[in-house]
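**Q**
4 protein chains.
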Amino acid sequence: MGLAERTPPSAEEYAGWRKEFCNWGRWGADDELGTLNFVTPAVRAAAAASVRSGRTVGLARPIDTFAGPANPYPAHHFVACEESGGMLDYIGLFIHGFTQTHIDALCHLQTHDGRFWNDKPVGSQHMPAEHSGTIDFWSQGVVGRGVLYDIPRLRGAEHIEPGHPVMGWELSDAAEAQGVEPRAGDIVMIRSGHGRYFELHPDESPRFASPSGVHAGAVEFLYRTDAAVLCWDWQDAPTDQQGIPNPASHPVPLHVHHILIPYMGMPIIDNADLEALAVACAEEGRWEFQFVCAPLVIPRGTGSPVNPLAIF
Amino acid sequence: MGLAERTPPSAEEYAGWRKEFCNWGRWGADDELGTLNFVTPAVRAAAAASVRSGRTVGLARPIDTFAGPANPYPAHHFVACEESGGMLDYIGLFIHGFTQTHIDALCHLQTHDGRFWNDKPVGSQHMPAEHSGTIDFWSQGVVGRGVLYDIPRLRGAEHIEPGHPVMGWELSDAAEAQGVEPRAGDIVMIRSGHGRYFELHPDESPRFASPSGVHAGAVEFLYRTDAAVLCWDWQDAPTDQQGIPNPASHPVPLHVHHILIPYMGMPIIDNADLEALAVACAEEGRWEFQFVCAPLVIPRGTGSPVNPLAIF
Amino acid sequence: MGLAERTPPSAEEYAGWRKEFCNWGRWGADDELGTLNFVTPAVRAAAAASVRSGRTVGLARPIDTFAGPANPYPAHHFVACEESGGMLDYIGLFIHGFTQTHIDALCHLQTHDGRFWNDKPVGSQHMPAEHSGTIDFWSQGVVGRGVLYDIPRLRGAEHIEPGHPVMGWELSDAAEAQGVEPRAGDIVMIRSGHGRYFELHPDESPRFASPSGVHAGAVEFLYRTDAAVLCWDWQDAPTDQQGIPNPASHPVPLHVHHILIPYMGMPIIDNADLEALAVACAEEGRWEFQFVCAPLVIPRGTGSPVNPLAIF
Amino acid sequence: MGLAERTPPSAEEYAGWRKEFCNWGRWGADDELGTLNFVTPAVRAAAAASVRSGRTVGLARPIDTFAGPANPYPAHHFVACEESGGMLDYIGLFIHGFTQTHIDALCHLQTHDGRFWNDKPVGSQHMPAEHSGTIDFWSQGVVGRGVLYDIPRLRGAEHIEPGHPVMGWELSDAAEAQGVEPRAGDIVMIRSGHGRYFELHPDESPRFASPSGVHAGAVEFLYRTDAAVLCWDWQDAPTDQQGIPNPASHPVPLHVHHILIPYMGMPIIDNADLEALAVACAEEGRWEFQFVCAPLVIPRGTGSPVNPLAIF
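Quick note, the sequences are listed as chains F, D, W and B, same order. Under the numbering used here, the first residue of the first sequence is numbered 18, with each subsequent residue one higher. Under the numbering used here, the first residue of the second sequence is numbered 18, with each subsequent residue one higher. Under the numbering used here, the first residue of the third sequence is numbered 18, with each subsequent residue one higher. Under the numbering used here, the first residue of the fourth sequence is numbered 18, with each subsequent residue one higher.
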């Protein structure tokens, strides 16, 4: 079934999305933008024109250098020891994971038969074999209209509950409740309430997983609305909340990532902090704003740490 | 003398700027924004409103992992070896230097008597002793009006010549020639022509220095126009082109950095790539645009790698 | 009480060891060897002369790059990504912890009133303020007679049991049972049975702690026998097994480390793998051998990863 | 021609060594020791028995964290910034190059037709495709008889001169002059005089090369004497001093490395500091001693930083 029926996709329907929502070749065999193609200059101009108060909200978590179950390979903030060589402080981090706010490039994940976006080959160590699908092709930044889909607010809750992932049709509901019309080229920002959840559950510490998150059904919404980018605070809902097997042979659930990155060609910004944004939207009385995100230009990188901004 | 007389500052006048252009306490003893205070919401709103075509230009150089005289401590783009632990690729870099595009926080440099911005103490290894003046206070980003001061264009040249640094009054000249009125809160972007210079001098390779750059006199322009941020492709002009001794006991010339960072409280974005921006400004017919730069939120960091954007 | 009475030290006796077992000044105010002074050329010659079969046993664990509770800050084995700068593979690691085999230099830990070995000052970030007590002073290596104190063998067990740490008098017992006479300059190697323990407890995974380990009483044995170095597979027994409060304000128990490193000036080699050595000793029929350990020459380092060798 | 005739090999003879000095299969298809096979327990026992005074000499250079032409990818000695996660100091380095003292594993270099030692496949980024030829197979250490071939002493000079590399027959000459008989399993240590050279040429700084070094002809000596390991302070002599083209398509000369590592299966310890050893040998009146070198156990590493020791 689907969004209109307010039912989640079956495992078969989901598997069919590998074809149905596949954008390979849509923008040419050498396309490096994927759904960023929906962000036209006109879209960017309109987003800038929507700015009213000039209020800005940063959407990144602080870089986390502390080890923990959610942060097994912590970032590094180093300074050279006394009488050693170097130039003040050094920052180092694995781009991906459940902790650092980062954007995934299109070479980040493979299809189920081992290819990258637009049918490019996979190299060793899961890195791209060719210089394609990498983050440096987005050196001009991601600039457009951001829309916050505040699902806890929709549900009248502080955060979504484990066991109750964000369903695809709730995105339409949220848009309606927030007075926003989804448009082609949108940066769709789904708030589950990560920050609020751990504030209210101080005895629970983050694990290398999202306690809950977004159901695979959101993929259909993203495809049908010609969204350009997905940005979220919690990632793919746990497999046992999906009703669909994990599409990738991976301990981490990847139901949404799996269709978006290698098939649909849609960038994903993981681990955003959307708490201040939710407050700002409520105060500003609108859930759409100019969105700006500029990846570092890492040649052949599979992504980049980022600090996306919302500008009202 | 000064800008109006089209004369460079003498060594004594320059030394006097440590008092005359000092903003300590101007915004309170615990201020963490420095001249970013000039970027009000109204300034940000106006900058967004100036967007017309939606064209964006990235201003960062690619992260450079190759060793060389200009890049003695190269960045790292690593992947874990086969059968080793990690999470795909890792990016690591010293924030500062002459290669990576980065923004300096206000704790980056000391006054001549060993204090940081707003009279804060210096710790070991030249790092801040307190959690002040660090990059994480700018998590909300730097968003405002960018103005490109294209000095080679002003001079009718491809790039500035070694021996002929950018003088303070040339900034006024460039503004006039480009039909731009300097405003409070501007991100002042000074193009010397780094990219074009090395294109035309292929046998010369970059050293740990700028062949030429900006003269100390630019400091007066920045102060008097209530600029918020300096962004440039070449840094402080060599000391023998300044006519003023290097104010810091440092092999690298720091005439502009030295007043801006610890005294004036003005952030500096180093090593920008302004070539594409110069072309875009000429094509768009204007040298002002929306400017967005979002530092990574590095707790207690002295700066951050960045990819600033210009939006037309 | 003490070793002779086969009783553990009381908290007061232990505290008294800060004076009683303190070697400050014993070898001069600028000594950098501590108890390595007991390893004379004659000791080294005798150890070499004890070699019979030429059998060698490596005593290091493989460098561990995988995150886990026992390895919160994993080592790195990286290679530069395709088309990036570098020189084949890179190895990086925090020296200390519960995973990598390493030797502690004398500046590794402080006295309870904040000084390093031989009354040297502590700098920022717990690093030495002066170039003293650091690993580079041991560039000539640690070469001497190693003696394995196989406590599980003494107890007729596979490994020591949690709750039953290695007591000081058991070292004398083990020496006797193994037909070895402790001598000045010995490298005392205490086997708790880390490897065997986790082999037999596959469902238990290592934590950032030793399930059991060595009781503070071992300190007296080390002092009275003029030992030169301590080498072990499990570290200080948990505080609740010591009957003495943790002498350092640290979550990790440090009862043995605390007297040895800053007061007695005795190097400690942590996280050794003594399983193969125990087997070799049993096969060779002797528990003494030539011991060789060469720290990397890390200027101002607090220690070094090492792969110590036993030569029969 | 050859050693007996005191003539260097021609380019053709050198090329023929790829077959003539190839040890593939000599110790089995899955051999991981190469010429370390010559170091039998008896050899090790004899070496230990040769120890007389107990004097030890460390043979490693200090880890170098300072950038320079000889050290383009410097090592790192870091400590975590204040309020950041980590565990005291961190040491990181690229294993290879011209600066850090390290041992090459047998997978370090390829044959001219792209295979590793014992016909193993090459993977991506020049790393081994299989877990073979890697440093972790030498976890038991390299222990045997070291022999210093002090060529400057032979020549009555402070160091060898650029333009006058160490020729193969000079190794026989040095052995004779030093009263040493080459034996199977020897660790052959060739001193060119790196330390003394730069002491006497303070205005010259090391480059990413050896000013002079060892001629390809030394390969024949190593093969015919059944040497186990090569250890040296300067590496392969510059190509223009060899009279033989560089066998590998590499800017760095590799005439000796190229036959030893992938064909002969001989480990090489690069960048040793042999100055103190030369002095010790002269004082002790002998140029043979017990040699001990223990690589870190880096799973799948292509080598390891080491601090080899000579024990008299």
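Quick reminder that beta carbons are idealized off the backbone N, C-alpha and C, glycines included.
Can you tell me where the alpha helix (DSSP H) with glutamate 330 of chain W in it begins and where it stops?
**A** It is not possible to answer for residue 330 of chain W, since the shown part of chain W is limited to 18 through 329.
**Q** For arginine 162 of chain W and chain B, any beta-carbon pair shorter than 7 Å?
**A** It does not: the Cβ of arginine 162 of chain W has no partner Cβ on chain B nearer than 7 Å.
**Q** Below 6 Å CB to CB, which residues in the same chain sit around tyrosine 166 of chain F once its five sequence neighbours on both sides are set aside?
**A** Taken in chain order, the residues that qualify are Leu188, Ala191, Ile207.
**Q** Give me the Cβ distance between glycine 158 of chain B and valine 309 of chain B, rounded to the nearest whole Å; I'm assuming they're in contact under 8 Å.
**A** Rounded, the Cβ-Cβ distance is 7 Å, consistent with contact.
**Q** Determine the contact status of histidine 211 of chain D and aspartate 257 of chain D, defining contact as a CB-CB distance below 7 Å.
**A** Going by C-beta atoms, histidine 211 of chain D is not nearer than 7 Å to aspartate 257 of chain D.
**Q** Would you please verify whether the beta carbon of phenylalanine 111 of chain B is less than 7 Å from any beta carbon of chain W?
**A** Cβ-Cβ to chain W under 7 Å: yes for phenylalanine 111 of chain B.
**Q** Closer than 7 Å by beta-carbon distance: list the chain W residues that pair up with cysteine 98 of chain D, in chain order.
**A** Those are His94, Phe95, Val96, Asp106, listed as they occur along chain W.
**Q** Taking CB distances under 7 Å as the criterion, tell me whether valine 205 of chain D reaches chain F.
**A** Not one chain F Cβ lies under 7 Å of valine 205 of chain D.
**Q** Keeping to the same chain, check which residues put their C-beta closer than 7 Å to that of isoleucine 315 of chain W; ignore five residues upstream and five downstream.
**A** Once the five neighbours on either side are set aside, the close Cβ partners of isoleucine 315 of chain W are Ile152, Asp153, Ser321.
**Q** Take glutamate 301 of chain W as the anchor and find which of W/Gly282, W/Phe329, W/His274 has the nearest alpha-carbon.
**A** Measuring from the Cα of glutamate 301 of chain W, the nearest candidate turns out to be W/Phe329.
**Q** In three-state terms, what does DSSP make of methionine 281 of chain F?
**A** Three-state DSSP puts methionine 281 of chain F in a helix.
**Q** Among residues of its own chain, excluding the 5 on either side of histidine 119 of chain D, which ones have a beta-carbon nearer than 8 Å to its beta-carbon?
**A** The answer, listed in chain order, is Ile112, His113, Ile286, Asp287, Asn288, Gly320, Ser321, Pro322, Val323.
**Q** How many Å lie between valine 246 of chain W and glycine 140 of chain W at the Cα?
**A** Answer to the nearest angstrom: the Cα atoms are 25 Å apart.
**Q** Where does aspartate 130 of chain D land, buried or exposed, given buried means 16+ other C-beta within 10 angstroms?
**A** Exposed: under 16 other Cβ atoms inside 10 Å.
**Q** Are the region 274–281 of chain W and the region 168–182 of chain W in contact at 8 Å, needing three or more beta carbon pairs?
**A** With the cut-off at 8 Å, the region 274–281 of chain W and the region 168–182 of chain W do not touch.
**Q** What do you get for alanine 97 of chain W, buried or exposed, if any count of 16 or more other CB atoms within 10 angstroms of its CB means buried?
**A** That one is buried.
**Q** Exposed or buried, proline 219 of chain F, counting other C-beta atoms within 10 Å across all chains shown (16 or more means buried)?
**A** By the 10 Å Cβ count, proline 219 of chain F comes out exposed.
**Q** So, helix, strand or coil for isoleucine 120 of chain B, using DSSP?
**A** In the structure shown, isoleucine 120 of chain B sits in a strand (DSSP, three-state: E or B).
**Q** Since cysteine 248 of chain B is in the alpha helix (DSSP H), which residue starts that stretch and which ends it?
**A** Here cysteine 248 of chain B belongs to no alpha helix (DSSP H); instead the beta strand (DSSP E) covers 246–249.
**Q** What is the residue span of the beta strand (DSSP E) that tyrosine 214 of chain W lies within?
**A** From DSSP, tyrosine 214 of chain W is part of no beta strand (DSSP E) but of the alpha helix (DSSP H) over 211–217.
**Q** Could you run through the region 122–141 of chain B and flag, in chain order, every residue whose CB is less than 8 Å away from some CB of chain F?
**A** So the close ones are Gly140, Ser141.
**Q** In whole angstroms, what is the alpha-carbon distance linking alanine 244 of chain F and alanine 65 of chain D?
**A** Near 22 Å, if we compare the C-alpha coordinates of alanine 65 of chain D and alanine 244 of chain F.
**Q** Out of F/Leu326, F/Trp304, F/Val197, F/Arg303, which one is the CA nearest neighbour of proline 312 of chain F?
**A** Among F/Leu326, F/Trp304, F/Val197, F/Arg303, the Cα nearest to that of proline 312 of chain F belongs to F/Leu326.
**Q** When you check each C-beta in the region 207–223 of chain D against every C-beta of chain C, which residues fall closer than 7 Å?
**A** Any reference to chain C falls outside this structure, whose protein chains are F, D, W and B.
**Q** At a Cβ threshold of 7 Å, is leucine 326 of chain B touching chain W?
**A** With 7 Å as the cut-off, leucine 326 of chain B counts as an interface residue toward chain W.
**Q** Measure the alpha-carbon distance for arginine 69 of chain B versus proline 223 of chain W and round it to whole angstroms.
**A** Near 44 Å, if we compare the C-alpha coordinates of proline 223 of chain W and arginine 69 of chain B.
**Q** Counting only the same chain and skipping the five closest in sequence on each side, list residues whose C-beta sits under 8 Å from that of glycine 71 of chain F.
**A** Ile328, Phe329.
**Q** Look up phenylalanine 133 of chain B in the DSSP assignment and say whether it is helix, strand or coil.
**A** Strand, per DSSP.
**Q** Where does the unbroken alpha helix (DSSP H) through isoleucine 108 of chain W begin, and where does it stop?
**A** First-last for isoleucine 108 of chain W: 106–111, but that is the beta strand (DSSP E), not the alpha helix (DSSP H).
**Q** Are the region 80–96 of chain D and the region 84–100 of chain B touching by the rule of at least three beta carbon pairs closer than 8 Å?
**A** Contact between the region 80–96 of chain D and the region 84–100 of chain B is present, because at least three Cβ pairs lie under 8 Å.
**Q** Could one say the Cβ of proline 268 of chain W lies closer than 7 Å to chain F's Cβ atoms, at least one of them?
**A** Cβ-Cβ to chain F under 7 Å: no for proline 268 of chain W.
**Q** Compute every distance between the C-beta of cysteine 98 of chain F and the non-hydrogen atoms of the ligand NAD, then say whether any falls below 6 Å.
**A** No copy of the ligand NAD appears in this structure; indeed no ligand is present at all.
**Q** For histidine 94 of chain F versus isoleucine 108 of chain F, is the C-beta distance shorter than 7 Å?
**A** For histidine 94 of chain F and isoleucine 108 of chain F, yes; Cβs fall inside 7 Å.
**Q** For a test of the three-state rule: what should DSSP assign to leucine 188 of chain D, helix, strand or coil?
**A** Of the three classes helix, strand and coil, the one that applies to leucine 188 of chain D here is helix, per DSSP.
**Q** Does the distance from the CB of asparagine 135 of chain D to the CB of aspartate 253 of chain D come in under 7 Å?
**A** Contact: no.
**Q** Where DSSP assigns a beta bridge to threonine 166 of chain D, which residues make up the other side?
**A** Note that residue 166 of chain D is tyrosine in the sequence shown, not threonine. According to DSSP, which records beta bridges pairwise, tyrosine 166 of chain D is partnered with D/Ile207.
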